[in-house]
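Engineer:
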Amino acid sequence: MQLKIDKPDDIIIEWISYNQFNNIEEKITKECSAIWKDGPLNYNKIKNNYIRNKQNTKITLKLYNVTKKFLNVVIEDLNRYCGKIFGISQNPYTKDYNMILQEDYNEICNKCGKYDIDTDCNWCKRCQKNYLKKIFINWTSGNEKIDNYIRKRRNIDSISDRIFEFIPYHQFDDIKEINKNNLYSAIWKNGPLSCHNNKWARESNKKVYLRLHYLQNTNKFLNKISKNDLSIYGISQNQNTKYCIIVSQYINLYCEKCGKEYANYANKIDEWCIYCQVNDLKLDFANWTSGDENIDNLIQKMQLKVKSKSDKLFEWIPYNQFNNIKKINDDNFAKIYSAIWKNDLYYYKYLYEKEQIRRVESRVVLKYSQNITFKKYSPSIYGISQDPITEDYIIVSENKYCEKCDKEYTITNENWCKPCQINDLRENFTNWTSGNIKIDNLIQVVQLNISHPRDIIFEWIPYNHFSNIEEIDRGGFATIYLATWKDGPLSYYGRDTKYVRDKKKIILKQLDDSQNITTEFLNEVKKYSIKKYKEILAIYGISQNPDTKNYIMVLDYAEGGNLYNLVNKHYKKFDWTYNIEALTSIITGLKEIHDNQMVHRDLHT
Numbered sequence: 001m002q003l004k005i006d007k008p009d010d011i012i013i014e015w016i017s018y019n020q021f022n023n024i025e026e027k028i029t030k031e032c033s034a035i036w037k038d039g040p041l042n043y044n045k046i047k048n049n050y051i052r053n054k055q056n057t058k059i060t061l062k063l064y065n066v067t068k069k070f071l072n073v074v075i076e077d078l079n080r081y082c083g084k085i086f087g088i089s090q091n092p093y094t095k096d097y098n099m100i101l102q103e104d105y106n107e108i109c110n111k112c113g114k115y116d117i118d119t120d121c122n123w124c125k126r127c128q129k130n131y132l133k134k135i136f137i138n139w140t141s142g143n144e145k146i147d148n149y150i151r152k153r154r155n156i157d158s159i160s161d162r163i164f165e166f167i168p169y170h171q172f173d174d175i176k177e178i179n180k181n182n183l184y185s186a187i188w189k190n191g192p193l194s195c196h197n198n199k200w201a202r203e204s205n206k207k208v209y210l211r212l213h214y215l216q217n218t219n220k221f222l223n224k225i226s227k228n229d230l231s232i233y234g235i236s237q238n239q240n241t242k243y244c245i246i247v248s249q250y251i252n253l254y255c256e257k258c259g260k261e262y263a264n265y266a267n268k269i270d271e272w273c274i275y276c277q278v279n280d281l282k283l284d285f286a287n288w289t290s291g292d293e294n295i296d297n298l299i300q301k302m303q304l305k306v307k308s309k310s311d312k313l314f315e316w317i318p319y320n321q322f323n324n325i326k327k328i329n330d331d332n333f334a335k336i337y338s339a340i341w342k343n344d345l346y347y348y349k350y351l352y353e354k355e356q357i358r359r360v361e362s363r364v365v366l367k368y369s370q371n372i373t374f375k376k377y378s379p380s381i382y383g384i385s386q387d388p389i390t391e392d393y394i395i396v397s398e399n400k401y402c403e404k405c406d407k408e409y410t411i412t413n414e415n416w417c418k419p420c421q422i423n424d425l426r427e428n429f430t431n432w433t434s435g436n437i438k439i440d441n442l443i444q445v446v447q448l449n450i451s452h453p454r455d456i457i458f459e460w461i462p463y464n465h466f467s468n469i470e471e472i473d474r475g476g477f478a479t480i481y482l483a484t485w486k487d488g489p490l491s492y493y494g495r496d497t498k499y500v501r502d503k504k505k506i507i508l509k510q511l512d513d514s515q516n517i518t519t520e521f522l523n524e525v526k527k528y529s530i531k532k533y534k535e536i537l538a539i540y541g542i543s544q545n546p547d548t549k550n551y552i553m554v555l556d557y558a559e560g561g562n563l564y565n566l567v568n569k570h571y572k573k574f575d576w577t578y579n580i581e582a583l584t585s586i587i588t589g590l591k592e593i594h595d596n597q598m599v600h601r602d603l604h605t
């Protein structure tokens, strides 16, 4: 069995002395749990050898009585549990042999001893069914057909299955009619059963839907209950009216104020009713005016185009709401100013809500206009105002101008100004040095090539900025380390228009014998992209080991490691779908590399 291994992650099956086991406890007949003191052999790539680094491993001992068919049974189990076997041992007192297996080697329940368990959550279907039979022993709907239907629906297969049950009508409080189609909302006092950590418990005071049906034909009523509808908790009945009731999950289908169904899926999630919002906006028309009927009509028309909770509300904005007004542009077409919209008014976010909230102060653009028209709704325009001195009307829109230079942002939706960022980087050149003029020049050139806020700010990173440095691989010309960059790379935060840092796990690729930096190395670094691609590792900068004087490339950390290790570790999960996805990502990455004339001299599996 040992000579059949062909991958470093394969388990080495071995003879294990019985005195290696502690805490031996019987689980079921002929099976015991135990602790293996030394633990199994594992291949260490760095040391190029097998080591034992998982001491006190939990295992299962499977007992074999010595009979004529003993070896046949062992051989069958060796094939059956391949990949889960650590080895074989012998009890020195009983002379019985034991197979040593992984703790969760089989789908077997410790309680009932049957092979009916979900190993992912240690959930036994047989035990859970027996438990449900006990707790549902004394109940009836009063209708034999309904009782039989409920028993069949309660035949669970997994821990996520919903428990279908008969729910006495007195369990419901706060019953409210939602619409005229016999739909009500209610609070189920006890609530539905659910299983967490192998324990059943009820979610008390659960809000539910009640759908009423007049019971004339039991079969027709039961046919209306979809077997595939997982939102249904069960059946109830009002003993006074004799209405049968389907009890289901409350999923925000209807507005509780007007009873109408929400317009779309997003509105259901937000519990936002377009009908109520439009109605409330109409009622609010009387509470404001621009003083010009045409402007009022335009604003009202724009407000009624609202479609979702996230839409900005187009409005009339009093001029005294603006502070720090500063001229940006004044030409023959329009006067443009920047300003701070104080937004210090309290308002109803949704006009039918009980409490008002305060707006958030924001920077805006004021564009003077003689002729204001809007053909369609634009989320970038907040509304209209009027200069009280010139009486010119003003279009108020989201800010798109840099606070430093008053020029339009290079990337408007990120509040990012390329000229200002380039200037900031230039001014910072005097605050750092690698000690090598060639490297300093390289870093400066790469930094000045940024064109987007998500571009990497390539930098010189002092070696003492790294912690938890651990060697993980060694190649022909470089040594690879895993480390934590204490400060982390610069990332642009558009809301505050500044770069921030946060610690990050990274890879240090130390180039052997690189004390004297070469032009070839510098040219190679230049070809790495400062763009962020999903399929290509990012490079953050250069550092130097103060002891060896070798230079280091600081790279992004790939959680899954290299392709070789990934395949070895998860080969059982690879199917054709995953293979195609992986190959697509590799091809995309190679295309980006070649399109950008980048190098990949260390690309291999």
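Taking UniProt numbering, the leading residue of the sequence shown gets 1, the next gets one more, and so forth. Cβ atoms here follow ideal geometry from the backbone N, Cα and C, with glycine treated the same way.
Counting Cβ pairs closer than 8 Å, one from the region 425-435 and one from the region 500-512, do we hit at least three?
Structural biologist: no
Engineer: Within a Cβ cutoff of 7 Å, which residues of the same chain sit near Q312, ignoring the five residues on either side of it in sequence?
Structural biologist: On the sequence shown, position 312 is the one that residue 312 refers to. It is Lys, not Gln, that sits at residue 312 in the sequence shown. Once the five neighbours on either side are set aside, the close Cβ partners of K312 are P379, Y382.
Engineer: Please classify F172 as buried or exposed, where buried requires at least 16 neighbouring CB atoms within 10 angstroms.
Structural biologist: As a first step, residue 172 is located in the sequence shown; it is residue number 172 there, counting from the start. Counting other Cβ atoms within 10 Å of its Cβ, F172 reaches 16 or more and is therefore classed as buried.
Engineer: I'd like to confirm the pairing. Which residues does DSSP put opposite S467 in its beta bridges?
Structural biologist: Reading the sequence shown from its first residue, position 467 is the one you call residue 467. Per DSSP, T484.
Engineer: If you measure between the beta carbons of I439 and W460, is that distance less than 8 Å?
Structural biologist: Position 439 of the sequence shown, counting from 1, holds the residue named residue 439. Position 460 of the sequence shown, counting from 1, holds the residue named residue 460. Taking 8 Å as the Cβ cut-off, I439 and W460 qualify as a contacting pair.
Engineer: Looking at C-alpha atoms only, which residue of Y169, Y184, P40, P168 is the closest neighbour of I175?
Structural biologist: Position 175 of the sequence shown, counting from 1, holds the residue named residue 175. Nearest C-alpha to I175: Y184.
Engineer: Just reading off the beta strand (DSSP E) that F221 is part of, what are its end residues?
Structural biologist: The residue given as residue 221 occupies position 221 in the sequence shown. Not the beta strand (DSSP E): F221 falls in the alpha helix (DSSP H), residues 218-223.
Engineer: For the beta strand (DSSP E) containing D174, list its first residue and its last residue.
Structural biologist: Taking the sequence shown and counting its residues from 1, the one referred to as residue 174 is at position 174. Here the beta strand (DSSP E) through D174 covers 172-179.
Engineer: Taking contact to mean at least 3 C-beta pairs separated by less than 8 Å, is the region 477-486 in contact with the region 388-406?
Structural biologist: no
Engineer: For K407, tell me which candidate among K189, S451, I336 has the shortest Cα-Cα distance.
Structural biologist: Along the sequence shown, read from residue 1 onward, the residue named residue 407 stands at position 407. For K407, the nearest C-alpha among the options comes from I336.
Engineer: Alpha carbons only, please: which of R495, W272, Y93 is nearest the one belonging to L253?
Structural biologist: If you number the sequence shown from 1, residue 253 lands on position 253. Cα-wise, what sits closest to L253 is W272.
Engineer: Applying the 10 Å Cβ sphere with the 16-neighbour rule, what's the burial state of Y346?
Structural biologist: By one-based count along the sequence shown, residue 346 stands at place 346. At Y346 the pLDDT is 47, less than 50, meaning the model places this residue with poor confidence; the figure from the coordinates comes in the next sentence. Label assigned to Y346: exposed.
Engineer: Measuring straight from C-alpha to C-alpha, what distance separates L78 and K84?
Structural biologist: Within the sequence shown, the letter at position 78 stands for residue 78. Within the sequence shown, the letter at position 84 stands for residue 84. Those two C-alpha atoms are separated by around 9 Å.
Engineer: Looking at I340: is its Cβ nearer than 8 Å to the Cβ of F322?
Structural biologist: Numbered from 1 along the sequence shown, position 340 holds the residue referred to as residue 340. Numbered from 1 along the sequence shown, position 322 holds the residue referred to as residue 322. Taking 8 Å as the Cβ cut-off, I340 and F322 qualify as a contacting pair.
Engineer: To the nearest angstrom, how far is the alpha carbon of G494 from that of F21?
Structural biologist: For the purposes of this step, residue 494 is taken as the residue at position 494 of the sequence shown. For the purposes of this step, residue 21 is taken as the residue at position 21 of the sequence shown. The straight-line gap from Cα to Cα measures roughly 59 Å.
Engineer: With DSSP collapsed to three states, give me the class of C405.
Structural biologist: Position 405 of the sequence shown, counted from the first residue, corresponds to residue 405. It is coil, neither helix nor strand.
Engineer: Touch check for the region 211-221 and the region 297-306: three-plus C-beta pairs under 8 Å?
Structural biologist: In short, these stretches do not touch, since the Cβ pair count stays below three.
Engineer: Can you tell me whether C402 is buried or exposed? The criterion is at least 16 other CB atoms within 10 Å of its CB, across all chains shown.
Structural biologist: Working through the sequence shown from its first residue, we reach residue 402 at position 402. Buried: at least 16 other Cβ atoms inside 10 Å.
Engineer: I need the boundaries of the alpha helix (DSSP H) containing I135, first residue and last residue.
Structural biologist: To locate residue 135, count along the sequence shown from 1; it is residue 135. 125-135 is the extent of the alpha helix (DSSP H) around I135.
Engineer: Shortest alpha-carbon distance to residue 608 belongs to which of A286, N223, V445, K503?
Structural biologist: Since the displayed the chain opens at 1 and closes at 605, residue 608 lies outside it and no answer follows.
Engineer: Along the chain, where does the beta strand (DSSP E) that runs through M553 open and close?
Structural biologist: Locating residue 553 in the sequence shown gives position 553, where the first residue counts as 1. For M553, the enclosing beta strand (DSSP E) starts and ends at 551-556.
Engineer: Could you give the first and the last residue of the continuous alpha helix (DSSP H) run that contains M302?
Structural biologist: On the sequence shown, position 302 is the one that residue 302 refers to. Segment 293-303, the alpha helix (DSSP H) holding M302.
Engineer: Between the C-alpha atoms of M1 and I13, what's the straight-line distance to the nearest angstrom?
Structural biologist: The residue labelled residue 1 in the question sits at position 1 within the sequence shown. The residue labelled residue 13 in the question sits at position 13 within the sequence shown. For M1 and I13, the distance between alpha carbons rounds to 7 Å.
Engineer: Opposite F166 in the DSSP bridges: which residues?
Structural biologist: For the purposes of this step, residue 166 is taken as residue 166 along the sequence shown, with counting starting at 1. Its beta-bridge partners are I235.
Engineer: Sort N19, N550, I456, K486 by Cα distance to Q90 and report the nearest one.
Structural biologist: Along the sequence shown, one-based indexing puts residue 90 at 90. Closest option to Q90, Cα to Cα, is N19.
Engineer: Taking all protein chains shown into account, do 16 or more other C-beta atoms lie within 10 angstroms of the C-beta of K367, making it buried, or fewer, making it exposed?
Structural biologist: Working through the sequence shown from its first residue, we reach residue 367 at position 367. Per the 10 Å Cβ criterion, buried.
Engineer: Taking all protein chains shown into account, decide if Y93 is buried (16 or more other Cβ within 10 angstroms of its Cβ) or exposed.
Structural biologist: Your numbering for residue 93 matches position 93 in the sequence shown. Exposed, by the Cβ-count rule.
Engineer: Apply the 10 Å Cβ neighbour rule to K354 and answer buried if 16 or more other Cβ atoms are within range, or exposed otherwise.
Structural biologist: The residue given as residue 354 occupies position 354 in the sequence shown. Its pLDDT being 48, under 50, K354 is placed unreliably in this model, and the value from its coordinates should be taken loosely. K354 should be labelled exposed.
Engineer: Look at E31 and L71 and say whether their C-beta atoms are less than 8 Å apart.
Structural biologist: Looking up residue 31 in the sequence shown gives position 31. Looking up residue 71 in the sequence shown gives position 71. It is not a contact, given that the beta carbons lie outside the stated cut-off.
Engineer: Note down the Cα distance separating D9 from F86, rounded to an integer number of angstroms.
Structural biologist: Translated into the one-based positions of the sequence shown, residue 9 becomes position 9. Translated into the one-based positions of the sequence shown, residue 86 becomes position 86. If you take the alpha carbons of D9 and F86, they lie about 13 Å apart.
Engineer: Would the region 438-454 and the region 470-478 be scored as touching if the rule is three or more Cβ pairs under 8 Å?
Structural biologist: Put simply, the region 438-454 does not touch the region 470-478. Fewer than three CB pairs are less than 8 Å apart.
Engineer: Go ahead and pull the three-state DSSP assignment for A286.
Structural biologist: Along the sequence shown, one-based indexing puts residue 286 at 286. Note: A286 maps to helix in three-state DSSP.
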